[in-house]
Structure formats: structure tokens, C-alpha cells
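Visitor: Below you will find the structure I want to go over with you.
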Amino acid sequence: MRVRPLKGEPVALDLMDTVWVEHGSLVDQFDDLEGVRAWLADHDLGEDDGLQRVRDRLVETRDALRDALEGRGPDRLNAVLDRGARRPRMRDGEPYELVVVDDPAWRAGWVAAADFVRMMGERPERVRKCANPQCVLWFLDVSKNGSRRWCSMEGCGNRAKVGRFNQRHKSTG
Ligand SMILES: [Zn+2]
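Be aware that the sequence shown starts at 3, since it is given in the working numbering, and climbs by one per residue.
Here is the structure:
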């Protein structure tokens with residue numbers, strides 16, 4: 003099983019980023035049900051019942067998010083969102099929201115889809131794909147000046163720096 007370590011991105015983007023490039027080919031954390039289990043546990047969406055069905059719905063949600071982000075429209079995303087709703091409640095004097103879904107296997111996917119809508123409502127211009135054309139990862143830029151370009155400084159950011167360095171040395175040498 004391969005699991006990408008979390009980088010503190012919103013859950014919607016963490017779902018997108020369950021597919022990444024390793025040695026030039028795409029890796030999908032959800033190819034393995036243990037990878038699905040790990041992702042659910044990482045996001046407190048633990049659901050051991052019907053893991054296979056949860057996986058199918060997460061993959062459907064992930065494709066829907068990709069459609070929405072890559073200009074193919076919100077129809078599939080809205081279809082996912084139709085699967086559930088938030089119901090405001092009170093408990094011990096405190097308000098909270100109950101997630102109600104028409105099928106428990108939709109809970110994780112629905113939560114990620116709803117998180118995407120929240121994120122796009124707050125700072126849509128800060129939702130970006132990594133500037134490395136070979137990378138498929140997305141991130142939310144929470145830096146002060148909004149100049150983040152890479153999924154990670156250690157990964158793609160560093161590779162870009164080394165690339166520029168090599169370029170410079172080739173052209174001057
Ligand atoms: Zn990257």
C-alpha cells in the first residue's frame with residue numbers, strides 16, 4: 003500500500019491528491035482498500051463497513067472535483083452534493099451540524115465535496131495545481147502574499163530550483 007503523507011491541505015484537496023506521480027507514472031492510493039482505510043482514518047471519516055462501496059464513492063467524488071477544477075463543469079459535483087445535507091442541531095447549549103446522507107457509504111465523499119464548496123466560497127483564487135507540469139497535485143495557498151507555486155518546497159519546489167541551477171550552468175559553461 004502506498005500512502006501520501008498529509009501536508010495540511012483541506013480534505014477536498016487531500017482527496018484530489020490521492021493520485022500522484024511517482025517515477026513518471028500515476029499512483030492511486032485507492033487502488034488498495036488499505037489505502038482507502040488509511041485515508042479515512044487520517045480524516046476522521048473512519049468507516050469500516052463496506053469499504054469497497056466507500057471507495058467507489060470517493061473515486062466518484064474525486065472525479066467530480068477534477069471535473070469542477072479542470073473546467074468540465076459542476077454537474078457531477080452537484081450530483082454528489084445531492085447525496086447529503088447538513089442539519090443544524092444543539093447539544094448541551096452548543097450548536098453543531100449533523101451530516102445526513104442518503105447512504106452511509108456516501109458520507110466521506112459528501113464531506114469532501116462540501117469542503118470543496120466551502121473552499122471555493124472563501125478563496126477560489128488560492129486553489130492551485132502544482133506549477134510542475136509533471137505533477138498532478140493540488141494545494142490551497144495560505145501564504146500571506148499568495149505566491150506559493152509548488153505542492154511542496156522539498157519536492158517540486160526543490161526540483162525546480164535545481165533545474166534552474168543546472169540550466170544556468172549549462173548556458174554559461
Ligand atoms: Zn508538485
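The beta-carbon is built from N, C-alpha and C at its ideal position, and this holds for glycine as well.
When burial is assigned at 16 or more other CB atoms within 10 Å of the CB, is residue 169 buried or exposed?
Guide: The residue in question, residue 169, is exposed, as its Cβ has fewer than 16 Cβ neighbours within 10 Å.
Visitor: Measure the C-alpha to C-alpha separation of residue 83 and residue 77 and round it to an integer number of angstroms.
Guide: So the alpha carbons of these two residues sit roughly 10 Å apart.
Visitor: What does DSSP give as the partner residues of residue 131 in its beta bridges?
Guide: In DSSP, residue 131 forms a bridge with 140.
Visitor: Along the beta strand (DSSP E) that carries residue 103, what are the first and last residues, could you check?
Guide: Unbroken beta strand (DSSP E) run through residue 103: 96-103.
Visitor: List the whole-angstrom C-beta distance separating residue 130 from residue 141, where the pair is believed to meet the contact cut-off of C-beta under 8 Å.
Guide: 6 Å between Cβ atoms; contact.
Visitor: With a cut-off of 8 Å on the beta carbons, I'd call residue 55 and residue 107 a contact; round off their distance for me.
Guide: Yes, they are in contact, since the Cβ atoms of residue 55 and residue 107 sit about 4 Å apart, within 8 Å.
Visitor: Do residue 87 and residue 17 come within 8 Å of each other at the CB atom, strictly closer than that value?
Guide: Result no, Cβ atoms of residue 17 and residue 87 do not sit closer than 8 Å.
Visitor: Exposed or buried, which one is residue 31 when buried takes at least 16 other CB atoms within 10 Å?
Guide: Residue 31 comes out buried.
Visitor: Here's the rule: buried if 16 or more other CB atoms are within 10 angstroms of the residue's CB, otherwise exposed. What is residue 100?
Guide: Exposed: under 16 other Cβ atoms inside 10 Å.
Visitor: In this structure, how does DSSP classify residue 24 when only helix, strand and coil are distinguished?
Guide: If DSSP states are grouped into helix, strand and coil, residue 24 belongs with the strands.
Visitor: Quick check on the DSSP output: what are the complete alpha helix (DSSP H) runs of length 4 or more inside the segment 37-97, in order along the chain?
Guide: List check, alpha helix (DSSP H) in window: 53-71 and 77-83.
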